[in-house]
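Chemist: The sequence shown maps to residues 1039 to 1109 in our numbering. Note that CB positions come from ideal geometry on N, CA and C, so glycine has one too. The structure displayed is predicted, hence computed values, not measured ones.
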Amino acid sequence: MKTNVGNVDKIVRYVIGIILLLLIFILKGNARYWGLLGLIPILTAAFGFCPLYRIFGISTAKKEDKSEKKS
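1. Report the three-state DSSP secondary structure of Val1110 (helix, strand or coil).
2. Starting from the C-beta of Ser1097, find all residues in its chain whose C-beta is less than 7 Å away, skip the five residues before and the five after it, and write them out in chain order.
3. Could you give the DSSP three-state label for Thr1082: helix, strand or coil?
4. Taking Phe1094 as part of the alpha helix (DSSP H), name the residues at either end of that continuous run.
5. Which of the three DSSP states, helix, strand or coil, is assigned to Ala1099?
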């Protein structure tokens, strides 16, 4: 898996994920389980990889500059 989620994108995903997870404590009944969808943005931020970004060819990660890369 190649990283395709940038730093700002990760922060936004963490915030949205936490807000969605909070729905578990706010909503009543079976509707509260919609909050579990918050795990998706949190996991994609943690791994730095979004499968939908790959399908659509999107990347918010910084590109590596080949001139700076010297091994």
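Modeler: Taking the structure as given:
1. With the chain represented from 1039 up to 1109, any question about residue 1110 goes unanswered, as that position is not in the structure.
2. Asn1042, Tyr1091
3. helix
4. 1089-1094
5. coil
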